[in-house]
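Comments concern the structure below.
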Ligand code: MN
């Protein structure tokens, strides 16, 4: 999916960390985007913000974060690609048989707590919205690509939607399994030679993972790290420290986390 965005802020995996997302948007000069009554963007104004996906699961304000991203996308202020967690949440929303773990249990709990009529109306809107989300977004005339876990130039010509889906949602894997039972990932970013710059999330790094043609910006906010963004084309990083871990890397909610009252 090609988009004529030339300048934007790309935001890493939110995972229901609404408070840090609000703080980050404020710091980036997008405080107006937090208003529930924000007007649709004029047709000649490109979206200002692009999310790398994984809006849902694990965090403490998943519904609030998803409502914000949904609203900003529908009103033309933001774009998002699909993350592997968003993809699984969508399948759950559609009534498919998915395993409710890896933080999906938090999304399910929050979603089911919405009053029934409002919940079912939103379910329909969300399904329609999330089904249409792209696997990748090309910006700046194709000079950069935003994808959840990974991208490579040959995917532009790939005809199999299943292959594009698997690569963008999970990235390249070795086929082996880690001792924790996860697919072993390949550290592709340092080796990637472009030609386009790939901005991605999914893999958690202690600081943005900056390489010539690939930049990873998931700094693990939900695990107690930070929520980071990359301003394009300047490639300037902004990070908001996490207000606290909500989830442990090997799975499991952090029970002692109590979210602070939001300033926003
Ligand atoms: Mn993620």
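Residue numbers (our numbering): 34 to 297. Yeah, the Cβ is synthetic: ideal placement off N, Cα and C, and Gly gets one too.
Under the three-state reduction of DSSP, which class applies to residue 249: helix, strand or coil?
In the chain shown, the residue the question calls residue 249 occupies position 216. Residue 249 falls in the strand class under three-state DSSP.
Complete runs of the beta strand (DSSP E) confined to the segment 188-224 [at least 3 residues]
206-210 and 216-218
Should residue 193 be labelled buried (16 or more other beta-carbon atoms within 10 Å of its own) or exposed?
As a first step, residue 193 must be located in the chain shown, where it is residue number 160. So residue 193 counts as exposed.
Using the rule of at least 16 other Cβ atoms within 10 Å of the residue's Cβ for burial, across every protein chain shown, is residue 129 buried or exposed?
Translated into positions along the chain shown, residue 129 becomes position 96. Looking at its Cβ environment, which holds fewer than 16 other Cβ atoms inside 10 Å, residue 129 is exposed.
Please classify residue 50 as buried or exposed, where buried requires at least 16 neighbouring CB atoms within 10 angstroms.
As a first step, residue 50 must be located in the chain shown, where it is residue number 17. Residue 50 is buried by the Cβ-count criterion.
According to DSSP, is residue 262 part of a helix, a strand, or is it coil?
By 1-based counting over the chain shown, the position of residue 262 is 229. Note: residue 262 maps to strand in three-state DSSP.
Taking residue 247 and residue 233 to be in contact with their CB atoms under 8 Å, please state how far apart those CB atoms are, rounded to whole angstroms.
Position 214 of the chain shown, counting from 1, holds the residue named residue 247. Position 200 of the chain shown, counting from 1, holds the residue named residue 233. Sure, about 7 Å apart at Cβ, within 8 Å.
I need the DSSP call for residue 163, collapsed to helix, strand or coil.
Translated into the one-based positions of the chain shown, residue 163 becomes position 130. In the structure shown, residue 163 sits in a helix (DSSP, three-state: H, G or I).
Roughly how far, in whole angstroms, is the beta-carbon of residue 168 from the beta-carbon of residue 198, given that I think they are within contact range, below 8 Å?
The residue labelled residue 168 in the question sits at position 135 within the chain shown. The residue labelled residue 198 in the question sits at position 165 within the chain shown. Going by Cβ atoms, the distance from residue 168 to residue 198 rounds to 6 Å, so yes, they are a contact pair.
Close Cβ partners of residue 162 (< 8 Å) along its chain, the five nearest in sequence each way excluded:
Here residue 162 is taken as the residue at index 129 of the chain shown, counted from 1. The answer, listed in chain order, is 103, 106 and 107.
Drop a sphere of 10 angstroms on the beta-carbon of residue 73, count the other beta-carbons inside from all chains shown, and report buried for 16 or more, exposed for fewer.
In the chain shown, counting from the first residue as 1, residue 73 sits at position 40. Exposed, since its Cβ has fewer than 16 Cβ neighbours within 10 Å.
Return the chain-ordered list of same chain residues with a C-beta closer than 8 Å to the C-beta of residue 160, the five sequence neighbours on each side being excluded.
Along the chain shown, one-based indexing puts residue 160 at 127. Only 123, 126 and 127 meet the Cβ criterion.
Check whether the Cβ atoms of residue 268 and residue 45 sit closer than 9 Å, and answer yes or no.
Looking up residue 268 in the chain shown gives position 235. Looking up residue 45 in the chain shown gives position 12. For residue 268 and residue 45, no; Cβs fall outside 9 Å.
Residues in the same chain with beta-carbon distance under 8 Å from residue 298, minus the five sequence neighbours each way, listed in chain order, please.
Absent from the model: residue 298. The displayed extent of the chain is 34 to 297, so no value can be given.
Using a threshold of 8 Å, is the CB atom of residue 145 nearer than that to any non-hydrogen atom of the ligand MN?
By one-based count along the chain shown, residue 145 stands at place 112. No.
Please confirm if the segment 77-96 is in contact with the segment 128-146, defined as three or more CB-CB distances below 8 Å between the two stretches.
yes
Please classify residue 52 as buried or exposed, where buried requires at least 16 other C-beta atoms within 10 Å of its C-beta.
Taking the first residue of the chain shown as position 1, residue 52 is located at position 19. With 16 or more other Cβ atoms within 10 Å, it is buried.
Which residues, in chain order, sit with a beta-carbon under 5 Å away from any heavy atom of the ligand MN?
46 and 87
Could you check the C-alpha separation between residue 35 and residue 170 for me, to the nearest Å?
Here residue 35 corresponds to residue number 2 of the chain shown, with the count starting at 1. Here residue 170 corresponds to residue number 137 of the chain shown, with the count starting at 1. Rounded to whole angstroms, residue 35 to residue 170 spans 6 Å at the Cα level.
Neighbourhood of residue 290 by C-beta distance below 6 Å, restricted to the same chain and skipping five residues each side:
Counted from its first residue, the chain shown places residue 290 at position 257. Closer than 6 Å at Cβ, skipping near neighbours: 277 and 279.
How would you write the range of the alpha helix (DSSP H) that residue 42 sits in, first residue to last?
By one-based count along the chain shown, residue 42 stands at place 9. Here residue 42 belongs to no alpha helix (DSSP H); instead the beta strand (DSSP E) covers 41-44.
Using DSSP with H/G/I as helix, E/B as strand and the rest coil, what is residue 280?
By one-based count along the chain shown, residue 280 stands at place 247. Of the three classes helix, strand and coil, the one that applies to residue 280 here is strand, per DSSP.
By the three-class DSSP mapping on this structure, what secondary structure does residue 72 have?
As a working note, residue 72 is residue 39 in the chain shown. Residue 72: coil per DSSP, three-state reduction.
Any heavy atom of the ligand FMN closer than 8 Å to the beta-carbon of residue 101?
Although the ligand FMN was asked about, the structure shown includes only the ligand MN as ligands.
Cα separation between residue 67 and residue 219?
Walking along the chain shown from the start, residue 67 turns up at place 34. Walking along the chain shown from the start, residue 219 turns up at place 186. Their backbone Cα atoms lie some 37 Å apart in a straight line.
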